[in-house]
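Asks: At position 314 of the sequence shown the residue is numbered 314 (the working numbering), and the sequence of numbers has no breaks.
By construction, the Cβ of each residue, glycine as well, lies at the ideal position given by its N, Cα and C atoms.
All of these numbers come straight from a predicted model, not from anything done at the bench.
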Amino acid sequence: MDAEHDVPEGEAPPDRDPAMDPGGLLDVLGVAAVVLDAQGRIVLWSPQAEDLFGYRAAEALGHPAARVLVDEQHREHVLSLFAQVMAGGGTWAGVFPVRHKDGTTLLAEFRNMRLEDVSGRYYALGLASKQATLRRLERDLALSLRLMEQSPIGLAVMDTALRYVLINPALERINGIPAAHILGRTVREALPFLDADAIEAAMREVLATGTPLLNQFTTGRTHADPHAEHAWSASFFRLEDPAHRVIGVAVSVVDVTEQHRAATAAAAARRRLTVIADAAERIGTTLDLDTTARELADVLVPEFADIAAVDVLEGVLTDSPPPADKGGPTLFRALAVKAGYPTPATEAADPVGQIARYDATRLVARCARTGRPVLLARVTDRDLPRIARDDQAAERLRQAGVHSYLAVPLRARGQVLGALDLKRARNPQPFDHDDLVLAGELAARAAVTIDNARWYQRQRHAALTLQRHLLPGPLPRPPGLEVAYRYQPAASVGEVGGDWFDVIPLSADRTALVVGDVMGSGINAAATMGQLRTATRTLAGLDLAPAAVLTHLDRIVAGLGEAIATCVYAVHDPHRHRCRIATAGHLPPVHTRPGRPPLLLDLPTGAPLGVGGVAFRDTLLGLAVDDELVLYTDGLVETRDHDIDTRLAALTDLLGRPRPSPEETCDLLLAALHHQGGHDDVALLVARARPLPRTGRPAGP
Numbered sequence: 001m002d003a004e005h006d007v008p009e010g011e012a013p014p015d016r017d018p019a020m021d022p023g024g025l026l027d028v029l030g031v032a033a034v035v036l037d038a039q040g041r042i043v044l045w046s047p048q049a050e051d052l053f054g055y056r057a058a059e060a061l062g063h064p065a066a067r068v069l070v071d072e073q074h075r076e077h078v079l080s081l082f083a084q085v086m087a088g089g090g091t092w093a094g095v096f097p098v099r100h101k102d103g104t105t106l107l108a109e110f111r112n113m114r115l116e117d118v119s120g121r122y123y124a125l126g127l128a129s130k131q132a133t134l135r136r137l138e139r140d141l142a143l144s145l146r147l148m149e150q151s152p153i154g155l156a157v158m159d160t161a162l163r164y165v166l167i168n169p170a171l172e173r174i175n176g177i178p179a180a181h182i183l184g185r186t187v188r189e190a191l192p193f194l195d196a197d198a199i200e201a202a203m204r205e206v207l208a209t210g211t212p213l214l215n216q217f218t219t220g221r222t223h224a225d226p227h228a229e230h231a232w233s234a235s236f237f238r239l240e241d242p243a244h245r246v247i248g249v250a251v252s253v254v255d256v257t258e259q260h261r262a263a264t265a266a267a268a269a270r271r272r273l274t275v276i277a278d279a280a281e282r283i284g285t286t287l288d289l290d291t292t293a294r295e296l297a298d299v300l301v302p303e304f305a306d307i308a309a310v311d312v313l314e315g316v317l318t319d320s321p322p323p324a325d326k327g328g329p330t331l332f333r334a335l336a337v338k339a340g341y342p343t344p345a346t347e348a349a350d351p352v353g354q355i356a357r358y359d360a361t362r363l364v365a366r367c368a369r370t371g372r373p374v375l376l377a378r379v380t381d382r383d384l385p386r387i388a389r390d391d392q393a394a395e396r397l398r399q400a401g402v403h404s405y406l407a408v409p410l411r412a413r414g415q416v417l418g419a420l421d422l423k424r425a426r427n428p429q430p431f432d433h434d435d436l437v438l439a440g441e442l443a444a445r446a447a448v449t450i451d452n453a454r455w456y457q458r459q460r461h462a463a464l465t466l467q468r469h470l471l472p473g474p475l476p477r478p479p480g481l482e483v484a485y486r487y488q489p490a491a492s493v494g495e496v497g498g499d500w501f502d503v504i505p506l507s508a509d510r511t512a513l514v515v516g517d518v519m520g521s522g523i524n525a526a527a528t529m530g531q532l533r534t535a536t537r538t539l540a541g542l543d544l545a546p547a548a549v550l551t552h553l554d555r556i557v558a559g560l561g562e563a564i565a566t567c568v569y570a571v572h573d574p575h576r577h578r579c580r581i582a583t584a585g586h587l588p589p590v591h592t593r594p595g596r597p598p599l600l601l602d603l604p605t606g607a608p609l610g611v612g613g614v615a616f617r618d619t620l621l622g623l624a625v626d627d628e629l630v631l632y633t634d635g636l637v638e639t640r641d642h643d644i645d646t647r648l649a650a651l652t653d654l655l656g657r658p659r660p661s662p663e664e665t666c667d668l669l670l671a672a673l674h675h676q677g678g679h680d681d682v683a684l685l686v687a688r689a690r691p692l693p694r695t696g697r698p699a700g701p
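#1: Taking only runs that begin and end inside the stretch 77–161, name each unbroken alpha helix (DSSP H) of 4 or more residues, in chain order.
#2: DSSP three-state label for Arg378, please.
#3: Considering only the beta carbon of each residue, do Ala447 and Leu406 sit closer than 7 Å?
#4: Determine the direct distance from the alpha carbon of Leu183 to that of Val253, and round the result to whole angstroms.
#5: In three-state DSSP terms, what is Asn452?
#6: Given a threshold of 16 other Cβ atoms within 10 Å of its Cβ, counted over all protein chains shown, does Arg657 qualify as buried or as exposed?
#7: Ordered along the chain, which non-local residues of its own chain (more than five positions away) have a Cβ less than 8 Å from that of Asp255?
#8: Tell me the start and end of each unbroken alpha helix (DSSP H) in the stretch 308–360 that is at least 4 residues and wholly inside, in chain order.
#9: Considering only residues of the same chain and omitting the five flanking positions on each side of His552, which have a CB-CB separation below 8 Å?
#10: Under the three-state reduction of DSSP, which class applies to Ala689: helix, strand or coil?
#11: Would you please state the rounded distance, in angstroms, between the beta carbons of Cys666 and Tyr485? I believe it to be under 8 Å.
#12: Which ranges would you report for the alpha helix (DSSP H) in the stretch 362–411 if only whole runs of at least 4 residues count?
#13: Could I get the ranges of all uninterrupted alpha helix (DSSP H) runs contained in the stretch 518–573, with 4 residues as the minimum, in chain order?
#14: Quick check on DSSP: helix, strand or coil for Arg659?
#15: Can you tell me which of Phe193, Val251, Val31 and His244 puts its alpha carbon nearest to the alpha carbon of Asp225?
#16: Around the C-beta of Leu115, are 16 or more other C-beta atoms found within 10 angstroms, so that it is buried, or is it exposed?
#17: Run through the stretch 35–65 for me and flag every whole beta strand (DSSP E) of 3 or more residues, listed as ranges in chain order.
#18: Answer yes or no: do Trp754 and Leu61 have a C-beta to C-beta separation smaller than 7 Å?
#19: By the three-class DSSP mapping on this structure, what secondary structure does Val625 have?
#20: Just curious, the beta strand (DSSP E) that Ile581 is in, first and last residue?
#21: What is the C-beta distance between Met529 and Ile564, in whole angstroms, given that I count them as a contact (C-beta under 8 Å)?
#22: Based on the DSSP secondary-structure assignment, which residues constitute the bridge partners of Gln216?
#23: From the DSSP output, which residues share a beta bridge with Val253?
#24: What's the C-alpha gap between Trp92 and Ala65?
#25: Indicate the three-state DSSP secondary structure (helix, strand or coil) for Ala699 in the structure shown.
#26: Just to confirm before moving on: does the CB-CB distance between Val206 and Val249 stay below 7 Å?
#27: Please report how far the alpha carbon of Ala128 lies from the alpha carbon of Pro97, in whole angstroms.
#28: Candidates Gln392, Asp421, Leu648 and His260: which alpha carbon is nearest Val630's?
#29: When every heavy atom of the ligand ATP is checked, does at least one fall within less than 6 Å of the C-beta of Gln259?
#30: Are at least three pairs of beta-carbons, each pair with one atom in the stretch 404–419 and one in the stretch 371–386, less than 8 Å apart?
#31: Check for me: the beta strand (DSSP E) holding Leu599 runs from which residue to which?
#32: By the three-class DSSP mapping on this structure, what secondary structure does Gln415 have?
#33: Given this structure, state the Cα-to-Cα distance separating Val416 from Ala293, to the nearest angstrom.
#34: Kindly indicate which residue of Tyr122, Arg121, Gly126 and Asp117 has the alpha-carbon position closest to the one of Ala108.
#35: I believe Ala400 touches Cys367 by the beta-carbon criterion, under 8 Å. Please report the beta-carbon distance rounded to the nearest angstrom.
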């Protein structure tokens, strides 16, 4: 390609004189030049004069100008003005009506002056332009200047090298720099605090394409206000002269800081509402202390904070009173730590489940002791040791770029349970008062749930302790039986109930096998279970038949008020190889026999204990050596998602598999049928008939 084709659009080739290109201001004005001799005859006539007045040069040259261009009514005045100029009276300028060749009259702006040649002869030079064109350009120029000077919008003109050639006062105020320090420089040189790369790239694009870029949003700081973030909306337009040569870029800048701050505040408010709505749905789904703490941290990260930690006072968990010395260390137990991304700040956090000791200078300890939030909008290096547990953790927080910190007390029912610890590192916005209010609201909600979980766990522990205390200890080894058992409490404290089992030695080598279930849950059910177990043992010692035992138990339960219970009571006689069984509303036991399918016993179910007035009946069952009797409570087979018949069928299918011992039978059934996190207790008792030692046969009933 030749050099001419390499020239950028709108620029003249290097070997071409740009002064020869049309399109200058004089071309726009169409200035006509006319020269008159001393007698007023036209001696020179420019092409622009031909365009303006309509006469060709041949029609004008040599003729008196007054006759060609001036109506008769104005000639005398024109001739006097001409004589004044020729006499050396100075120039004359003004608007005068001129006759066009087509007979119309136009108003032309004139500038007249006397010329002298080398021979001392005088001439008159007249420069004329159409008044309408001149006035239009004057208005445009005045408007442009006034617009630049008085506009509240920042305006600038850049040349094709992207250097400032014009800047208005509004942009001076926006930048905080006088125009004299900016003109002739690029954005990068004059305004280093802005994103010069993006701004100059936008201007080059406009220069190349001619397509304006409107409302380009940008943020930064200025010399006028270096401590606050500002926002601007900038638009870029390519500038061309009348000949369509590219001469630069016009830039308009509007300060939209207030709108940006309002929009940012509105977006933050929407995010806060989202966090609140999310918290209402996600926090407190269980009554588990650790789960509730994790839910709180999950809600806050990453939408609200980059790192969140939930710490509970150790004394709250152990019911220990706070130390009398208010200046002493505070013990916390970390329940949850959450970060929105991999960061060294997680290494600075207390490991979940471990106890951390904070002295009185630490901010989280002050928050827990005073019950008041602590806000450090901008964290400095001097603040980090007051946030972290030790110097090494403080260094981790510094490496993570933690720049804002907020600690909020977890307060419920008038007691401070711990603290919610929040940090921002990647999020550039510091915590503010609105964030403090939101964090306090979420902490208050979570604290109530944490307190409920704490009391629930305490109640669960008490119920389990009571229940285990009331259940039998190591079982005896009854004659002619190999016995195994399992007890599995419900996962939830509210479901810890009154399931029980027992193996009671009787006279004549007989053994009573008992499994029962008090309806209801909690400490009351466990206490009722303890009463029934004691009563059952007392009645068993009287050598009563199973139906008689259940009849007495029915009256006892009826006297306990609202209590209801189910029970299966069996008496095994190893000498007669039989078992006498009675049930009170309980699920049927399973009888297994070697080489034959397990049998779900079809027994008279009877009514639950406590209903009253219902007779119970004994059933005699043969129990040969190696036969098994499997007794269980409904927690083993009942679920909310399956039919009871389906579950009982699964039970008998499992019992049809080879099982070397009752212990393995228990393990098999619990592993296959019991769901972790189940809502009911499970009591399981497996008794396998074994041969008696060769001794004399005692008499029996």
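Replies: This is what the structure gives:
#1: 131–150
#2: DSSP places Arg378 in coil when its eight states are reduced to three.
#3: no
#4: 17 Å
#5: helix
#6: Its Cβ having fewer than 16 others within 10 Å, Arg657 is exposed.
#7: Only Gly154, Ile174, His230, Ala231 and Trp232 meet the Cβ criterion.
#8: 314–318 and 345–348
#9: Ala535, Leu539 and Leu544
#10: If DSSP states are grouped into helix, strand and coil, Ala689 belongs with the strands.
#11: 7 Å
#12: 363–370, 384–387 and 391–400
#13: 523–540 and 546–558
#14: coil
#15: Phe193
#16: exposed
#17: 42–45
#18: Not covered by the structure: residue 754. The range shown for the chain is 1 to 701.
#19: In the structure shown, Val625 sits in coil (DSSP, three-state: anything other than H, G, I, E or B).
#20: For Ile581, the enclosing beta strand (DSSP E) has its first and last residue at Arg578 to Ala584.
#21: No, Met529 and Ile564 are not in contact; Cβ-Cβ is about 12 Å, not under 8 Å.
#22: Ala234
#23: DSSP lists Gly154 and Ala234 as the beta-bridge partner residues of Val253.
#24: 16 Å
#25: Low local confidence applies: a pLDDT of 43 at Ala699 is under 50, so the model's placement there is unreliable, and no value is given.
#26: yes
#27: The alpha-carbon atoms of Ala128 and Pro97 are separated by roughly 11 Å.
#28: Nearest to Val630 by C-alpha distance, out of Gln392, Asp421, Leu648 and His260, is Leu648.
#29: Ligands in the displayed structure: none, and consequently the ligand ATP is not present.
#30: In short, these stretches touch, since the Cβ pair count reaches three.
#31: From DSSP, the beta strand (DSSP E) with Leu599 extends over Arg596 to Leu600.
#32: strand
#33: 15 Å
#34: Looking at the Cα atoms, Gly126 is the closest of the given residues.
#35: The Cβ separation is near 21 Å, so there is no contact.
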